[in-house]
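What the sequence shown shows, in this note's numbering, is residues 51 to 609, in sequence order. Even for Gly, the Cβ is constructed at its ideal location relative to N, Cα and C. Note that the structure is a prediction, hence the values are computed from the model and not measured.
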Amino acid sequence: MTVADRRFIFSAFMTAETVDLAELQSAVDSRRTFAIISHPDAGKTTLTEKVLLYGGAIHEAGTVKARRSERSATSDWMEMEQQRGISITSTVLQFDYRDHQINLLDTPGHQDFGEDTYRTLTAADNAVMLEDAAKGLEPQTRKLFEVCRMRDLPIFTFINKMDRPSREPLELLDEIEQELGLATYPITWPIGSGDRFKGVFDRRDRTVHLFERQAHGSKAANETTFDLDDPELKRRIDDDALFAQLCEELEILEELGSELDMEAIHSGQMTPVFFGSAMSNFGVQLFLDAFLEYSLKPIARNSTRDQISPASPDFTGFVFKLQANMDPKHRDRVAFVRVCSGRFEKDMTVKHARTGKTIRLSRPQKLFAQGRESIETAYAGDVIGLNNPGMFAIGDTIYCGEKLEFDGIPCFSPEMFSYMRNVNPSKFKQFRKGVAELREEGAVQIMYSVDEAKRDPILAAVGQLQFEVVQFRLLNEYGVETRLEPLGFSVARWVVGGWDALEKAGRLFNTATVKDSWDRPVLLFKNEWNVGQVQGDCPDLQLSKIAPVLSGMQPTEIR
Ligand code: G4P
51 MTVADRRFIF SAFMTAETVD LAELQSAVDS RRTFAIISHP DAGKTTLTEK VLLYGGAIHE
111 AGTVKARRSE RSATSDWMEM EQQRGISITS TVLQFDYRDH QINLLDTPGH QDFGEDTYRT
171 LTAADNAVML EDAAKGLEPQ TRKLFEVCRM RDLPIFTFIN KMDRPSREPL ELLDEIEQEL
231 GLATYPITWP IGSGDRFKGV FDRRDRTVHL FERQAHGSKA ANETTFDLDD PELKRRIDDD
291 ALFAQLCEEL EILEELGSEL DMEAIHSGQM TPVFFGSAMS NFGVQLFLDA FLEYSLKPIA
351 RNSTRDQISP ASPDFTGFVF KLQANMDPKH RDRVAFVRVC SGRFEKDMTV KHARTGKTIR
411 LSRPQKLFAQ GRESIETAYA GDVIGLNNPG MFAIGDTIYC GEKLEFDGIP CFSPEMFSYM
471 RNVNPSKFKQ FRKGVAELRE EGAVQIMYSV DEAKRDPILA AVGQLQFEVV QFRLLNEYGV
531 ETRLEPLGFS VARWVVGGWD ALEKAGRLFN TATVKDSWDR PVLLFKNEWN VGQVQGDCPD
591 LQLSKIAPVL SGMQPTEIR
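In structure tokens:
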């Protein structure tokens, strides 16, 4: 009998009592899991890199960035897909910072923006909203914010690029409050911007941190701090008008601003705000320290067995992302599992809730840095990568102990729609199988026309890359050639209340009705303006950008 076999037998008999509860609680208390929500070019890669630098996970900034430019320089994405070693490493970045273990989940942006970006947020306990100080809120940030709001995630705002000409800070806060309905509490406050950027005032200890310009700060910055009423500070700022403006703005904040309310922060109703310049490493450490203090540790999750506490002894987790063909040498698939409770151990056996099968979790991967390190243990808040020989689907629960299923991962509003035709009818079986499997993996949503004569599936995706992946994989893995026929819509809304509600609404204009994979009605529109029109015409019709997937819901067969 090999050591692995013995471990297998041991773990099969391992019960909750063998887990040290104090150890479990301390592992949970020290963990923080977050994702960054931002629009391309706001500085996510730069901030990620600087956060890793402070966390000691990299020693010199430039590594992540270099990897990214390597990636976007590859014009052919297929090639990129085959070199997925790059992307897998950034699915989750794990590092220690001040006795805490931080998990930073990557939210793909740019050309890989897709449903995965939204799904990642279902695995996070906190979000960092990154804004470019010159631009404020931008479209992709707004969309990702809506997903955070749905889950009441605590949101930390980092306003970046203060070293460049920026919008007025009060105006930026007002925009967040008005547009997102999110109260703001600035923890730091900027002194000037662009060429006149002098630093930030930390409202917690009333000190000023002076800014030192660094073209591309590759090392942690040495910040010089002064008390606000230190006469030396005024001399160093050397700009009376700016200093007077700072004092005035601080007064406004004290008199008119909200009070710091931890409960509101934890329920996603108030965002602590920070100003800085990721490129110059400025304000990053202040942000990280406050983040540790105010963020949520792994939270309890809803399941068919009520809420599951992260420190409860039985291991549980759910799959939030699947990635295929990442390693050209082994055409494997990896399922990314967010651990929700208990202790994960390499080679342990768990139950797969959807199929009822018992599976052994061997070869788990830790997902960071150059290669794939194997992982021995993991706790709530961590993410593990499991080899998936076709067993896992998005939203699947794995568990030890009493049976449970976590709430499924919802469908997020797609923005591109296209009929997909099978070019060669003799490949009908492979086509059906391929489409069904790719749907289960969450590579794309499948919808159908309500007109029975139009039998081809409609692919519905958030990003163009999703279409390309589906066509590429159908050809390479199933030998099926397909042709896309785009539909001229860009917005989808689920009808709350289903077909009955839709029928009650009567005739609708400037929209088309289709059904999703669970036979639920979805309205497609050319643009947001048309959505407004329909809602104006039928105020009782409730439309939703997100549709839940409840445990046990079986999708319809692919035609
Ligand atoms: P992203 O991942 O959100 O898309 O953004 P990324 O970090 O790649 O940053 C986008 C651009 O903004 C980069 O410039 C980056 O250097 C710059 N940037 C990020 N943070 C700051 C900041 O605090 N201040 C200033 N002034 N610029 C910042 P680039 O020209 O595209 O790349 P590079 O040649 O500078 O590397």
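Any non-hydrogen atom of the ligand G4P within 7 angstroms of residue i CB
i      : result
THR95  : yes
ASP70  : no
ARG246 : no
PRO90  : yes
MET329 : yes
ASP213 : yes
GLY159 : yes
ASN210 : yes
Identity of the residue in the options nearest residue i by Cα
i      : options                        : result
VAL485 : ASP457, GLY529, PHE195         : GLY529
GLY406 : GLY435, VAL389, ILE448         : ILE448
ALA77  : GLN480, VAL101, ILE349         : ILE349
GLY621 : VAL572, ALA493, LYS211         : What is shown of the chain runs 51 to 609, which leaves residue 621 out entirely.
LEU552 : GLU99, PRO589, VAL389          : PRO589
PHE337 : MET441, VAL433, LEU306, LEU102 : LEU102
HIS259 : SER243, LEU283, PRO236         : LEU283
ALA443 : GLU491, LYS479, ASN577         : GLU491
GLN75  : ASP506, ARG214, ALA361, PHE145 : ALA361
GLU487 : ALA184, LEU310, THR606         : THR606
ALA430 : LYS100, ASP175, THR141         : ASP175
ARG82  : ILE152, ALA72, PHE481          : ILE152
ARG183 : LEU194, LEU171, SER216, LYS554 : It is Ala, not Arg, that sits at residue 183 in the sequence shown. Looking at the Cα atoms, SER216 is the closest of the given residues.
Cβ neighbours of residue i in the same chain (closer than 7 angstroms, five flanking residues each side left out)
i      : result
GLU196 : LYS595
GLU455 : SER353, THR354, ALA403, THR447, SER601
ARG118 : Unreliable placement is indicated for ARG118, whose pLDDT of 49 sits below 50; no coordinate value is reported for it.
GLY333 : THR238, VAL250, PHE324, PHE325, GLY326, SER327
ASN20  : Residue 20 lies beyond the range of the chain shown here (51 to 609); nothing can be said about it.
PRO69  : For clarity, residue 69 is Val in the given sequence; the question names Pro instead. Only PRO363, GLY392, ARG393 meet the Cβ criterion.
ALA173 : LEU155, PHE370, ARG388, VAL433
Contacting residues, own chain, Cβ-Cβ under 8 angstroms from residue i (five flanking each side not counted)
i      : result
GLN474 : Looking at the sequence shown, residue 474 is not Gln but Asn. So the qualifying residues of the chain are VAL530, GLU531.
ASP126 : Low per-residue confidence applies at ASP126: pLDDT is 32, beneath 50, and the placement is therefore not dependable enough to give any value.
GLU452 : ARG355, ASP364
ALA116 : Because ALA116 carries a pLDDT of 47, less than 50, the predicted location of this residue cannot be relied on, and the following value inherits that uncertainty. Counting only Cβ-Cβ distances below 8 angstroms, and skipping sequence neighbours, we find nothing.
ARG246 : ASP289, LEU292
GLU67  : Residue confidence is low: GLU67 scores 49 on pLDDT, short of 50, so the model does not pin down where it sits. Its coordinate-derived value is still stated next. The answer, listed in chain order, is PRO363.
ARG192 : GLU229, LEU230
ASP166 : PRO158, LYS371, GLY492
MET312 : TYR344
PHE276 : THR257, VAL258, LEU260, GLU282, LEU283, ARG286
ARG489 : GLN495, ILE496, SER567, PRO605, ILE608
Buried versus exposed, by CB contacts within 10 Å (16 or more), residue i
i      : result
LYS371 : buried
VAL500 : exposed
SER122 : A caution first: SER122 carries a pLDDT of 41, below 50, which makes its placement in the model unreliable, though a value can still be read off. Under this definition SER122 is an exposed residue.
ASP252 : buried
ILE302 : exposed
MET603 : exposed
PRO536 : exposed
GLY513 : buried
GLY458 : buried
PHE559 : exposed
MET130 : Confidence at MET130 is low in this model, with a pLDDT of 37, below 50, so the placement of that residue should be treated as unreliable; the coordinate-derived value is given next. Buried: at least 16 other Cβ atoms inside 10 Å.
GLU218 : exposed
GLU181 : buried
ASP79  : exposed
ASP149 : exposed
GLY242 : buried
LEU97  : buried
GLY582 : exposed
TRP579 : exposed
GLN357 : exposed
ASN472 : buried
ASN210 : buried
ARG505 : exposed
Contact set for residue i: own chain, Cβ-Cβ below 6 angstroms, skip 5 residues either direction
i      : result
GLU188 : HIS89
ALA511 : PRO464, MET466, VAL494, PHE517
SER412 : ASP397
Residue i beta carbon near the ligand COA (any heavy atom closer than 7 angstroms)
i      : result
ARG471 : Absent from the structure shown: the ligand COA. Ligands present: the ligand G4P.
Could you tell me whether the region 203-210 touches the region 287-300, using the rule of 3 or more Cβ pairs below 8 angstroms? Using a Cβ-Cβ distance cut-off of 8 angstroms, the region 203-210 and the region 287-300 are not in contact, since fewer than three pairs of beta carbons, one from each stretch, lie closer than that value.
Can you confirm whether the region 554-570 touches the region 518-528 when touching is taken to mean that 3 or more C-beta pairs between the two stretches lie within less than 8 angstroms? As far as the Cβ criterion goes, the region 518-528 does not touch the region 554-570, which means the pair count is below three.
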